[in-house]
Amino acid sequence: LRNANIRFDSFEAYIFNGFLPRVHDQQQRPHVAYGNYYQTYVERDVRQLIQLKDASLFEKFIKLVAGRVGQLVNYQSLANDVGIDGKTIKHWLSILEASFIIFKLPPYFENFGKRVIKSPKYYFTDTGLLAYLLDIEKPDQITRDPLVGNIFENLVILEALKARYNQGRRAGLYFFRDSQGHEIDLLFQSGRQLTGIEIKSAATWHPRFKQALNRFSEKQHPLARSYVIYSGDEQSFSDGLRAIPYDRVATLF
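Counted the way our numbering counts, the sequence shown spans residues 43 to 295.
What follows is the structure in structure tokens.
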């Protein structure tokens, strides 16, 4: 959108409007456009791929996936909530992934042993569809949503993924989490050098934003570069860390 000179004055508007061309070219209302998109493509075509006749069960499934965006996947918990078995849930998620509805963010666990969580996370390839599935009907509802941090994280990681693909690279993106709950939102390698990114939806900088990056660099693996992506202004710090606005994520790749 930035390259097409399409700008929004807030990350909430950016997320809500999503990336469907008809929203930007034809100025369709996002909630209407994504409702049509869901009914004519996602609900119809993807449901056929998973050979499910019950439309309401599919809707329950995909809305539960949206409600768990950016969380560690617990296949059995999701299966229990949908009312099917864990093997079927894995198959359905693989169909959503193959249909480019969602994408998987794998964990980074190189040489860290059993202390590291090895479950992946899932994010949506279009934040407008995510907002629709979460029943968000206008941008300011995002700020008040309990999942605002996860939704913002989806936007940032999606921008990073697009930047990598646009440069002809493989995804090469990961997150880190250990059994004690210490986490880094996004990691990627350049050669043998590792870059760490923390993602915060806040517009005001706070020193605690870099604590996880510092701890990871000291305890797990030295970071060549460290960034915090947030909704505030760009800043640089004496320790080398930089705070970057969400709409400039692509400049890091």
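For each residue, glycine too, the CB sits at the ideal point set by N, CA and C.
For the set Ala254, Leu189, His133, the Cα lying nearest the Cα of Asp220 is the one of Ala254. DSSP places Pro287 inside the beta strand (DSSP E), whose first and last residues are 284-287. Beta-bridge annotation (DSSP): Glu240 is paired with Val270. Within the stretch 190-214, the runs of alpha helix (DSSP H) that reach at least 4 residues and sit entirely inside it are, in chain order, 190-208. Beta-bridge analysis with DSSP links Pro149 to Phe217. For Asp51, the closest of Ala245, Arg284, Lys102 by C-alpha to C-alpha distance is Ala245.
When Trp247, Leu283, Ser119, Thr293 are compared, the shortest CA-CA separation from Ser259 is found for Leu283. By the beta-carbon neighbour count (other beta carbons within 10 angstroms, threshold 16), Phe145 is buried.
The continuous beta strand (DSSP E) containing Glu225 extends over residues 225-232. Your pair Val158 and Pro148 does not check out as a contact, with CB atoms roughly 12 Å apart and the cut at 8 Å. CA-to-CA, the gap between Lys95 and Arg89 works out to about 7 Å. Distance from the CA atom of Tyr79 to the CA atom of Phe61, rounded to whole angstroms, is 12 Å.
With contacts defined by Cβ atoms closer than 8 Å, Leu200 and Phe218 do not form a contacting pair. Each of Pro264, Asp177, Leu114 was checked against the Cα of Val74, and the nearest Cα belongs to Asp177.
Following the DSSP letters along the chain, one finds Tyr80 in no alpha helix (DSSP H), marked with neither H nor E. Taken through DSSP and simplified to helix, strand or coil, Gln253 comes out as helix. Collapsing the DSSP output to three states places Ser259 in a helix.
Rounded to whole angstroms, the separation of the alpha carbons of Ser280 and Lys105 is 44 Å. Shown here, Leu265 sits in coil according to DSSP, grouped into three states, outside any helix or strand. The DSSP-derived three-state label of Phe53 is helix. Following the DSSP letters along the chain, one finds Phe100 inside the alpha helix (DSSP H) bounded by residues 97-109.
Under DSSP, Val158 forms a beta bridge with Asp220. The residues Gln70, Ala75, in chain order, have a CB closer than 7 Å to that of Arg64 in the same chain once the five nearest residues on each side in sequence are set aside.
Residue range 128-140 is occupied by the alpha helix (DSSP H) that includes Lys129. Leu172 and Arg234 have their C-alpha atoms roughly 34 Å apart.
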